[in-house]
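Read through the structure below, which is laid out as structure tokens, and then see the notes.
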Amino acid sequence: MLIEKAALPASGRVTSLRPKLPPRLLRGALRLRRVGTVGLVLYALALGAVLGLASANWATRGRYPFGGVVLNAWTAWPKIGSRDADPYVRAIHARTGEIPLALGEGLLLTALTDDAGRRLDPSCRYRIAGATPPARAWTLTVERRGQAKHAAQAGAVPPPRTGFTSTEVLRDRDGRFSVIVSPTVQPGNWLPMPEGEGSIRLVLRLYDTPVAASTGVLEREGVPSITREDCP
Amino acid sequence: MTPLGRFILATLCGLVLAGLVHVATVLAIPYLAAGDAMARARATLANDTSVLVHAAEAGGPAEQAPAQPAEGWLPPQDPAVAVGVCAYDLDDGPVRITAETGPLIETIALHGRSGAYYAITDQAAVRGTVELVIMTRRQFDEALATADEDERNRDMRIVAPSRQGFVSVRVLAGLPSQQAQANEAARSVSCTIDGPDE
């Protein structure tokens, strides 16, 4: 690649100025040109290898690139545990060692944004509210990239809570619930915003749910809403 | 061709090559990975019961989980769920999975090389026990052929797509006080090689 960069302007100038150049320089230019061909081939090979490997690494780092069913802010992943999972999902599982939720076990839903489409901001307060999804049980957790590393480094006290289960969440008279994710203490169902650096992700897992077979049920019944309440 | 043209051509070739390398790499990763769930679960092949790989620990420091198991290789999991695994190899005969279900929600999934191929929850338990027999197609045919016609066989038989795989058990602790029970349940699923009469 370096060779090519050096060769390019030289050969370009040489071709245009050829009549005025002494033969010694001409020979040099021809040699440069030959090196240039080899250099170009090497450059193409290197480009292919580096870009290919880097993009493969990036695409299989941990979060599923595609194949989800989008429901408002949430994305459902019904296929990750089944045998027709796409190659990216398989590669991710192979790299992380994940044991995915199988189709008959439950359904995984993740959210990276709020209902308005803005990315979840760790310093804001969010309200996750709605009716209980059709499932025997569900859990709602908040995750942050690099959280484990942060905890190991700081040796800090673990957060008082990382998630809610359908058993322990407080509900109103109609059976609806409302969880508040916030860095500061809140009344009601408070889910502390995790410490760390990376981006925030909300994870809703439905266990033993009829939804797993078809996400149409979720479309009809609705998923919990994620509303940004206030930001400092 | 002008040098610039040659350079552009080389770049295009490089990009096409990059696409090929990308696809080949993504497809090859599952076959080359040494740290996937399958490979990690293989280490537990000799055990007769499942091994806890993720302890339920919802509720933070209120109840310190008694020493996170050494096999904690899973990425961040549901903190309220205890996960146990148990590897099997059908070369030695059909494998019988027996799980005593309790009051907690429990799901059992069977995973092969290509992902999960079967899952069942504790709602299918008969008198508090979920019992499955995993067998290859050949073992299944054999069992059918040698079956006694007068005797009804109540085993739930599942034909596995490959000889090697693992069973995962998830037990949900709805409340922090149920965590110990959930961990115990995830640890106590038995997976034994079935007798020759099967």
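Taken in sequence, the protein lines are chains A and B. Going by UniProt numbering, the residue at position 11 of the first sequence is 11; the numbering climbs one at a time, nothing skipped. Going by UniProt numbering, the residue at position 196 of the second sequence is 196; the numbering climbs one at a time, nothing skipped. Positions of the beta carbon are idealized from the N, C-alpha and C atoms, including for glycine.
Endpoints, the alpha helix (DSSP H) within which residue i is located
| i | result |
| --- | --- |
| Cys-13/B | 3–32 |
| Asn-183/B | 179–187 |
| Tyr-207/A | From DSSP, Tyr-207/A is part of no alpha helix (DSSP H) but of the beta strand (DSSP E) over 200–207. |
| Asp-141/B | 137–146 |
| Arg-118/A | Where Arg-118/A is concerned, there is no enclosing alpha helix (DSSP H), given that its DSSP letter is neither H nor E. |
| Arg-40/B | 37–42 |
Spatially closest choice to residue i from the options, by CA coordinates
| i | options | result |
| --- | --- | --- |
| Ser-190/B | Val-21/B, Ala-34/B, Ala-39/B, Leu-52/B | Leu-52/B |
| Glu-105/A | Val-203/A, Pro-187/A, Tyr-207/A | Tyr-207/A |
| Arg-161/A | Leu-40/A, Thr-141/A, Ser-178/A | Thr-141/A |
| Phe-177/A | Leu-112/A, Arg-144/A, Tyr-88/A, Trp-190/A | Trp-190/A |
| Ala-137/A | Ala-147/B, Gln-123/B, Ile-97/B, Ile-134/B | Gln-123/B |
| Arg-118/A | Ala-73/A, Pro-100/A, Leu-40/A | Ala-73/A |
| Pro-134/A | Val-211/A, Ala-44/A, Gly-48/A | Val-211/A |
| Gly-84/B | Asp-194/B, Glu-184/B, Thr-192/B, Leu-15/B | Glu-184/B |
| Ala-94/A | Thr-121/B, Ile-29/B, Val-16/B | Ile-29/B |
| Ile-158/B | Tyr-117/B, Leu-27/B, Asp-48/B | Tyr-117/B |
| Thr-44/B | Asn-153/B, Val-167/B, Ile-134/B | Val-167/B |
| Ser-82/A | Ala-102/A, Tyr-43/A, Gly-97/A | Ala-102/A |
| Glu-98/A | Met-193/A, Phe-164/A, Gly-62/A | Gly-62/A |
| Leu-110/B | Ala-34/B, Pro-76/B, Glu-57/B, Ser-162/B | Ser-162/B |
| Gly-196/A | Pro-87/A, Arg-145/A, Phe-66/A | Arg-145/A |
| Asp-78/B | Leu-172/B, Asp-194/B, Ile-193/B | Leu-172/B |
| Val-41/A | Ile-8/B, Ala-143/B, Arg-138/B | Ile-8/B |
| Thr-37/A | Thr-11/B, Ala-55/B, Asp-48/B | Thr-11/B |
Range of the contiguous beta strand (DSSP E) that encloses residue i
| i | result |
| --- | --- |
| Val-81/B | 81–89 |
| Glu-124/B | What sits at residue 124/B in the sequence shown is Ala, not Glu. Unbroken run through Ala-124/B: none, as it is neither H nor E. |
| Tyr-126/A | 125–130 |
| Ile-92/A | Element bounds for Ile-92/A: not the beta strand (DSSP E) but the alpha helix (DSSP H), 87–96. |
| Ala-102/A | Looking at the DSSP string, Ala-102/A is not in any beta strand (DSSP E), and its letter there is neither H nor E. |
| Phe-177/A | 177–182 |
| Pro-192/A | 189–192 |
| Gln-164/B | 164–172 |
| Leu-110/B | 105–112 |
| Phe-66/A | From DSSP, Phe-66/A is part of no beta strand (DSSP E); its letter is neither H nor E. |
| Gly-163/A | 163–165 |
| Arg-96/B | 95–100 |
| Val-142/A | 137–144 |
| Cys-191/B | 190–193 |
Residue i burial status per 10 Å Cβ neighbour count (16 or more: buried)
| i | result |
| --- | --- |
| Cys-231/A | exposed |
| Met-38/B | buried |
| Ser-123/A | exposed |
| Ala-46/A | exposed |
| Pro-94/B | buried |
| residue 199/B | As displayed, chain B neither begins before 1 nor continues past 198, which places residue 199/B out of reach and without an answer. |
| Ala-131/A | exposed |
| Glu-149/B | exposed |
| residue 279/B | Since the first residue shown for chain B is 1 and the last is 198, residue 279/B is missing from the structure and cannot be characterised. |
| Tyr-31/B | exposed |
| Asp-36/B | buried |
| Arg-90/A | buried |
| residue 234/A | Beyond the ends of chain A as shown, which are 1 and 232, falls residue 234/A; an answer cannot be given. |
| Met-193/A | buried |
| Arg-138/B | exposed |
Supposed close pair residue i, residue j - CB separation, criterion 8 Å
| i | j | result |
| --- | --- | --- |
| Ala-160/B | Gly-112/B | 6 Å |
| Gly-68/A | Thr-60/A | That belief does not hold up - the Cβ atoms of Gly-68/A and Thr-60/A are roughly 16 Å apart, past 8 Å. |
| residue 264/B | Asn-153/B | In the structure displayed, chain B extends from 1 to 198; residue 264/B sits before or after that span and is not available. |
| Leu-74/B | Met-135/B | Between Met-135/B and Leu-74/B the Cβ distance is about 28 Å, and since that is not below 8 Å, they are no contact. |
| Ile-108/B | Ile-97/B | 7 Å |
| Ala-56/A | Val-16/B | Their Cβ separation, rounded to whole angstroms, is 15 Å, which puts Ala-56/A and Val-16/B out of contact at 8 Å. |
| Ala-82/B | Val-130/B | Not a contact, Cβ separation roughly 16 Å. |
Minimum Cβ-Cβ distance from residue i to chain C less than 9 Å
| i | result |
| --- | --- |
| Leu-218/A | Among the protein chains in the structure shown, which are A and B, there is no chain C. |
Cβ-based contacts, 8 Å cut-off: residues of the stretch 61–83 of chain A near chain B: Gly-62, Gly-81, Ser-82, Arg-83
Quick one, which residues of the UniProt domain "DUF1214" (106–209) of chain A are near chain B if we go by CB-CB under 8 Å, in chain order? Gly-106, Arg-136, Ala-137, Thr-139, Thr-141, Glu-143, Gln-147, Ala-148, Val-157, Pro-158, Pro-159, Pro-160, Arg-161, Thr-162, Gly-163, Thr-165, Ser-166, Thr-167, Glu-168, Val-203, Arg-205, Tyr-207, Asp-208
For the stretch 91–104 of chain A, which residues have a CB atom closer than 9 Å to at least one CB atom of chain B, in sequence order? Ala-91, Ile-92, His-93, Ala-94, Arg-95, Thr-96, Gly-97, Glu-98, Ile-99, Pro-100, Leu-101, Ala-102, Leu-103, Gly-104
Could you name the residues of the stretch 112–133 of chain B whose beta carbon sits closer than 9 Å to any beta carbon of chain A, in the order they occur along the chain? Gly-112, Ser-114, Gly-115, Ala-116, Tyr-117, Tyr-118, Ala-119, Ile-120, Thr-121, Asp-122, Gln-123
Between the stretch 12–29 of chain B and chain A, which residues of the former have CB atoms less than 9 Å from a CB of the latter, in chain order? Leu-12, Cys-13, Gly-14, Leu-15, Val-16, Leu-17, Ala-18, Gly-19, Leu-20, Val-21, His-22, Val-23, Ala-24, Thr-25, Val-26, Leu-27, Ala-28, Ile-29
To be precise: take each residue of the stretch 28–45 of chain B, compare its Cβ to all Cβ atoms of chain A, and keep it if any distance is under 7 Å. Which residues remain? Ile-29, Pro-30, Ala-33, Gly-35, Asp-36, Ala-37, Arg-40
Please list, in chain order, the residues of the stretch 93–110 of chain B that have any C-beta partner in chain A closer than 7 Å. Ile-105, Thr-107, Ala-109
According to a CB-to-CB cut-off of less than 9 Å, which residues of the stretch 151–172 of chain B neighbour chain A? Pro-161, Phe-166, Ser-168, Arg-170, Leu-172
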